[in-house]
Every structure is written in structure tokens, then in C-alpha cells.
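Numbering (the numbering used here), first residue to last: -10 to 502.
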């Protein structure tokens, strides 16, 4: 038995103590959360930038606590054993990595089971962990807050489906609004009588009822949960999509219909092998596909977006003061990366100020990417020179960063590739470049070459060495050199300046101030 005398003191609730009371806080101490669901039991330990935390540790056990519960009313016996073993391990791991005490929540299976309370008591006795059973409304709220952690501007309907239940919540203007929970999930559907026709009719009836209550005007549905992610991964496979990052992956209603049909036409085991999906998860995909298809019919969204963030991230978001929630997750992550990995932390801001005159007309959504690129421009300097450009691209396109769409990932990655490399011709990354149109690829190239010039023109203060300006009619790229800049403007600097001008289709002009 493991017990922590401070773990359950009066100020410790499901969300833990506030971590961010200090207004100047930027870094996040390790924080561990545990989600005991109907299908899986998972521990996540967060670390890094407070507004955009990294996953220091992430472990999942497909315990299947809720399997068969619709028939027996009790937790699956084998699932209990597996869950207890996992929770004991999580408790020990959390202590060893300085993430104790853990914030632990239990959802549909435990709250609905006849032996749910007995299981909670057994967990505390054998592991020292206190499980907080949350109701469906609270589960919906926390899942929606997880989406807001990753999408601060999220507007639409959050749909979180676990093994035994589905939670819906409306998000708008950074807040969670109406929410509801319904006992519909793959484990529940396995017990529905009447074969395929009976299941289909039941799903349609439940989702039509939910649509009447939650409204049918939501243009976007945010999909939370392992079954949705498994289907999205299959959609990527069907479409031969060039990236496999699930967070912010978008599907149209037509994509969903095609993929559900495609799943039905193919061997499930073959699909599992192609996508690396676990057997336990893949067994639930056919029923989850049926639910997703009806979700599209009942709510008629224009788009479905996959969220890798859910209840666990919602637990972390709960602890954030409003001033922290308002920060941009992308820029916070980039600032943290610069502090941890760049040769000269703080130079990214100076570099951005130096090249900003070239992007005076950039809209806000592009400006944040420019700032992010400047913060990240030197974070892969330790990579081998022959692979540094591709390493930059991979780091960004595959990074676990929030508030970054797939095209934005590629734009940022391509800009950083050009920070170290003049040409992208012949690159084996070309299929991923295709997520941007030609104009966007050229914009990324210009940004990359601007950073390439500015970063080596002066290694500490480029704004003291010269000033850039973009002049119109005809297009001219002007560099006004200071006295110090005259000495720094050598052959290599000149070559990079000329390359930048060529990428902009502008005549290079160098003057002395």
C-alpha cells in the first residue's frame, strides 16, 4: 500500500492545487493526471511551457473496465485487475518522476457500475490514489476544456465518445456552454438487440434526440476519443494523406461517408496492420464508425476536426488562471523551446524585429507564424549540417504543439527548412509541401531566407547592423547599413541577401546610412 499524507488534504480536489498563482510564471512543474475510462486507463505527466505543455510521460492500458457492463451492471472482472495493476504502477512512476500527487478522475464505467464505489475504495487502499468519480456533465465540461487548451478560439460542438458514453458540449468565445451526456458507446452498443438493423435504429434515435437538444447549427464538430482518432487514422490511409499528425486533422462529411464505406469493404485485421492500431481499439471501430456516420447525418456539420486533447488536458486547463489561458499556446511553446535549445535565447525576438518590415501587410494569423519561426529558427543547431534543414521541418510538422493547423505546420516547417537551405527542389518531403499552394510555399521560402540572412548578418543584434525595407513600384529590397554593418556585410552575407531579394522578385539595393 502506498499513501501520501498530503495527497487528500482539505485543499486537494479533483483538479489539484492551483499551479499558476504567480503572474510571472512561464514554466510548468511536472503535473500528473490519470483518466480511468470505460475502455482505457491512462496517465499523462505534463511538463514544459505552462500554456502549451509537453507530454513528459504518457502511458495507456486498454483495461476494458466497461466491457460487458451493460449486461452485468458491474465492472469487467479482468478489467478491474488490469486497471488496478496499471494504477499501482502509475502511482509508483509519479513519485519517481516528481509528479505526485496525481489528479485522478473516473468516468462512465465507474460511475454507472454497481461495484464502482467498491472499486474506488480498493484503488485507494492498494495504490494510495484517490479516484474522483465525475458525472456526465462534468466529463463533458472537462473534455471541452481540453479542446480549448489546444484551440483557444474553438467554436462549435465537442463530441467525446468513450467505451460506454458520449459527451457533447458547446464551445464558443473561450467558454464551455451547454453540455449533455448519453449512454452510447461501443460497449453499450454491443448489448443492443436486433442485430445490425437494431443497432442502426438505436444509434439514429439517440443521436437525433441529442441533436434536438444541442442544436443542428454547429459548423464544426471537435472529435475527442480514441475511437474517433482510430477512424481519422484510417481516413488518412484511405486518402494517402502525407502527414500522420492526428491533432487538428480535418474531415468533411463526404470524407466520413467514404471512409466508413471503405472500412466496411476491407478486412479489419488488414487495416489494423496498415495503421498500427491496437487490437482492442480496432475491435470497436465498426461500431464507432456507425455512430460517426449518424453524427454527421444528425448534426450536419461542415467540418469535423480531430482533437488529441480531451479530459486529461481539461484537468490541466482547469488549474490555469484566465491570464494564462489568454496566451497563445503556439508562441508559448516556441518561447520555451528557444530558452531550452537555442544557442542565444532571446535572439528570436531581435531577428523578428529585423525582418518584420518585409511583412508589414501580413494578417495576424500569418504574423504569429512569423514570430513562431523566428523563435524556433536556431533550436536544431545541434543537428548534423547535412540534415539540419530536414530536421527543422520534421521537428515542427511532427511536434506536439497546439493551435497549429496542418497547413500552418507545413508553412512553419518550410520556412525553417529555408532558414538552412536555399532550395527545396528534389526534396523527399515534396508530398507534404503539397498541403500548401504555390503562393504559400513562396511566402514560406521568403520568410526562411529572411531569417537565413538576418541570423548570420549579425549574430547578436542585426537591427544595429542594418535596416531592411521593401519598396514598391518597382519592387526593391533595400538594406541600409550602419557603420558597424558595413564591416559585417561580407561575401556570405551578400550572397544570402541577394538570394532573399531573388525569392521576393525584388531588385537588391544596399545603401550606407
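Note that CB positions come from ideal geometry on N, CA and C, so glycine has one too.
Closest by C-alpha distance to residue 489, out of 473, 475, 404, 420, is 404.
In this structure, the beta-carbon distance from residue 224 to residue 246 does not fall below 8 Å. Counting only runs of at least 4 residues, the region 343 to 373 fully encloses the following alpha helix (DSSP H) elements, listed from N- to C-terminal order: 353 to 365. When beta bridges are read from the DSSP output, residue 148 appears opposite 157, 212. For residue 173, the three-state secondary structure derived from DSSP is coil. At the C-beta level, residue 146 and residue 159 come within 8 Å of one another. Counting C-beta pairs closer than 8 Å gives three or more between the region 458 to 478 and the region 341 to 349, which meets the contact rule. In this model, residue 443 and residue 226 are separated by some 40 Å (Cα to Cα).
In the three-state scheme derived from DSSP, where H, G and I count as helix and E and B as strand, residue 478 is classed as coil. Judged by DSSP in its simplified three-state form, residue 220 adopts helix. For residue 272, the secondary structure class from DSSP, reduced to helix, strand or coil, is coil.
Counting only runs of 4 or more residues that sit fully inside the region 384 to 428, the alpha helix (DSSP H) segments are 395 to 409, 419 to 422, in chain order. DSSP places residue 44 in no alpha helix (DSSP H) but in the uninterrupted beta strand (DSSP E) bounded by 43 to 50.
Residue range 242 to 254 is occupied by the alpha helix (DSSP H) that includes residue 244. Annotation: the continuous beta strand (DSSP E) that includes residue 36 extends over 30 to 38. DSSP, read as helix, strand or coil, puts residue 185 in helix.
A contact is defined here as three or more CB-CB pairs under 8 Å, and the region 408 to 424 fails this definition with respect to the region 330 to 342.
Contact between the region 186 to 197 and the region 261 to 272 is absent: fewer than 3 CB-CB pairs across the two stretches fall below 8 Å. Judged by their CB atoms, residue 132 and residue 154 are not nearer to each other than the 8 Å cut-off. Note: residue 465 is bridge-paired with 460, 496 in the DSSP secondary-structure output. In the DSSP assignment, residue 294 falls within the unbroken beta strand (DSSP E) covering 292 to 296.
Around the Cβ of residue 266, a 10 Å sphere holds 16 or more other Cβ atoms; the residue is buried. Fewer than three Cβ pairs drawn from the region 248 to 258 and the region 167 to 182 lie within less than 8 Å of each other, which leaves the two stretches out of contact. The beta carbon of residue 284 lies closer than 8 Å to those of 148, 196, 210 in the same chain, with the five residues before and after it left out. Taking C-beta separations shorter than 7 Å and ignoring five residues to either side along the sequence, the partners of residue 130 in its chain run 158, 165, 168, following chain order. DSSP, reduced to helix, strand and coil, places residue 163 outside both helices and strands of the structure shown, so it counts as coil.
Residue 64 carries a coil assignment under DSSP once its states are collapsed to helix, strand and coil.
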